[in-house]
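Residue numbers (the UniProt record's numbering): 1 to 361.
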Amino acid sequence: MSLYKRGNTWWVCFTTPSGERVRHSARTSDKASAQRYHDELKAETWRIDTLGQKPAYTWDDAAYKWIMETEHKRTHRDDIAKITWLHQFFRGKPLAAITRDQLIAVAEHKRKEASAATANRYLALIRAILRRARDEWEWIEKVPKVKLYKEVRRRVRWITPAEVQALLAELMPHQRDLTLFALATGLRQSNVHRLAWDQVDLVRKTLWIPAEQSKNDEDIHVSLSQFAVDVLQRQLGKHPERVFTRAGYPVSQLNTKSWRDAVKRAGIQNFRWHDLRHTWASWLVQSGTPVYDLQEMGAWKSLDMVRRYAHLGPAQMSRHAETVGKLLEKAVSTTNLSQTDEAAVNNKGLARSQPFDIQDK
Numbered sequence: 001m002s003l004y005k006r007g008n009t010w011w012v013c014f015t016t017p018s019g020e021r022v023r024h025s026a027r028t029s030d031k032a033s034a035q036r037y038h039d040e041l042k043a044e045t046w047r048i049d050t051l052g053q054k055p056a057y058t059w060d061d062a063a064y065k066w067i068m069e070t071e072h073k074r075t076h077r078d079d080i081a082k083i084t085w086l087h088q089f090f091r092g093k094p095l096a097a098i099t100r101d102q103l104i105a106v107a108e109h110k111r112k113e114a115s116a117a118t119a120n121r122y123l124a125l126i127r128a129i130l131r132r133a134r135d136e137w138e139w140i141e142k143v144p145k146v147k148l149y150k151e152v153r154r155r156v157r158w159i160t161p162a163e164v165q166a167l168l169a170e171l172m173p174h175q176r177d178l179t180l181f182a183l184a185t186g187l188r189q190s191n192v193h194r195l196a197w198d199q200v201d202l203v204r205k206t207l208w209i210p211a212e213q214s215k216n217d218e219d220i221h222v223s224l225s226q227f228a229v230d231v232l233q234r235q236l237g238k239h240p241e242r243v244f245t246r247a248g249y250p251v252s253q254l255n256t257k258s259w260r261d262a263v264k265r266a267g268i269q270n271f272r273w274h275d276l277r278h279t280w281a282s283w284l285v286q287s288g289t290p291v292y293d294l295q296e297m298g299a300w301k302s303l304d305m306v307r308r309y310a311h312l313g314p315a316q317m318s319r320h321a322e323t324v325g326k327l328l329e330k331a332v333s334t335t336n337l338s339q340t341d342e343a344a345v346n347n348k349g350l351a352r353s354q355p356f357d358i359q360d361k
């Protein structure tokens, strides 16, 4: 029996030329549609087994396999959100049928509702999935080539201590400690809300972020100020594993609507959760922290990422400039002194010779 019903849904059943038994739902209550699905599937399995053709894997197959293989990724949850959004364009579509024009259209759609940088993140994920389907899974022969959008220079948005005070007044207690800890350490959002007690050493005032949770895929060791330690100590006893909680449950999201609403009530504009990290870095630079030390503290792989804060420390730049100025002043004053001494010697010699000149006259 090639077609049979289970409840209101038709199922297909047949044996492939290689002897494999195929039995699964046609996902329809219409018999004619189920028959077409059966015939197409049976013809495809014949081509695969007899002619050696590759299976017509779809975007759904690739997306599911990607999610299963990348559970360890720090961005796994973000990937799932992106793939969910992309399903409206690619659901059920054969991978080999995805074209360059379609990718451009999807990117343009995202760029209209977000930024070029955001559109690039979606394009990058699509390309990563398709390349793995080509290179590792061997499902397709080629991947459409699409250029990423040119991105504007990343902005540095930071707030003043007075603005921090205004923000804290609008936050709920658990949000205040999360915000204060982010400001005290400069840790990224995921590293804050996923922080576990086995990553913290309150005695030595340090914590570490494992490589799998790090943006740079390297372990990060963080030195804690006493202020940061005090924030952590307020969390003791609230949960056996995770540090930051709400009502006894681990916090899973920081950039929530309630947090954004608090930012608005505080009168702060154009400010995101990640800007707490910018604020931490900006305050350090303004206080005289060298950019090389800041790079180490913030676990930036490239110094270019740190140089964007350099202009915020004009005072220390002035001090360095004054160092050169003082050296020059010393050099000039020494030169002037030498010139003065030489002139004095010359004048003294002239004074000695004058009586003889007079007598000669």
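For every residue, glycine included, the Cβ atom is placed at its ideal position computed from N, Cα and C.
Query	Result
Roughly how far, in whole angstroms, is the beta-carbon of Ala184 from the beta-carbon of Phe227, given that I think they are within contact range, below 8 angstroms?	5 angstroms
For Ser223, list the residues DSSP reports as bridge partners.	Thr206
Under a Cβ-count criterion, where at least 16 other Cβ atoms within 10 Å of its own Cβ denotes burial, should Trp280 be classed as buried or exposed?	buried
Which stretch, first to last residue, makes up the beta strand (DSSP E) that contains Ser25?	Arg21 to Ser25
State the DSSP-derived secondary structure class of Thr84, mapped to helix, strand or coil.	helix
Go through its chain and collect everything with a Cβ distance to Arg77's Cβ below 8 angstroms, but skip five positions before and after it.	none
Can you tell me whether Gly7 is helix, strand or coil according to DSSP?	coil
What residues in its chain sit with their C-beta under 7 angstroms from that of Leu254, if we drop five residues either side in the sequence?	Leu178, Gln189, Val192, His193 and Trp273
Using CA coordinates, which residue listed in Lys93, Ile140 and Leu3 is at the minimum distance from Ile22?	What sits at residue 22 in the sequence shown is Val, not Ile. That would be Leu3, whose Cα lies nearest to the Cα of Val22.
Using C-beta distances below 6 angstroms, list every residue in its chain close to Trp66, excluding the 5 sequence neighbours before and after it, in chain order.	Ile129
Using a 10 Å radius around the Cβ and a threshold of 16 neighbouring Cβ atoms, would you call Ser282 buried or exposed?	buried
Start and end of the alpha helix (DSSP H) containing Asn120?	Ala116 to Asp135
For the alpha helix (DSSP H) that Tyr292 lies in, which residues bound it at each end?	Val291 to Gly298
Enumerate in chain order the residues of its own chain whose CB-to-CB distance from Asp49 is below 7 angstroms, with the five nearest sequence positions on each side excluded.	Thr16, Pro17 and Ser18
Assuming contact is defined by CB atoms lying nearer than 8 angstroms, are residue 398 and Asn8 in contact in what I supplied?	The structure shown does not extend to residue 398, since the chain is modelled only from 1 to 361, so the question has no answer here.
Could you tell me which of Lys150, His174, Ala182 and Ala34 sits nearest to Arg111, measuring between CA atoms?	Lys150
What are the start and end residues of the alpha helix (DSSP H) that includes Asp39?	Lys31 to Trp46
Alpha helix (DSSP H) containing Met68: first to last residue?	Trp59 to Glu69
In angstroms with no decimal places, state the Cα-to-Cα distance between Trp208 and Val164.	26 angstroms
What residue does the alpha helix (DSSP H) around Arg242 start on, and which one ends it?	Here Arg242 belongs to no alpha helix (DSSP H), and DSSP marks it neither H nor E.
In whole angstroms, give me the CA-to-CA distance for Asp61 and Lys147.	25 angstroms
Quick one: using the 10 Å Cβ neighbour count with 16 as the cut-off for buried, is Gln233 buried or exposed?	exposed
If Ala266 and Glu170 are in contact, beta carbons under 8 angstroms, what's the gap, nearest whole angstrom?	5 angstroms
Grouping DSSP H, G and I as helix and E and B as strand, with all else coil, what is Cys13?	strand
Ordered along the chain, which non-local residues of its own chain (more than five positions away) have a Cβ less than 6 angstroms from that of Lys205?	Leu224 and Val229
Determine, using beta carbons only, whether Trp10 and Ala34 come nearer to each other than 8 angstroms.	yes
DSSP three-state label for Val200, please.	strand
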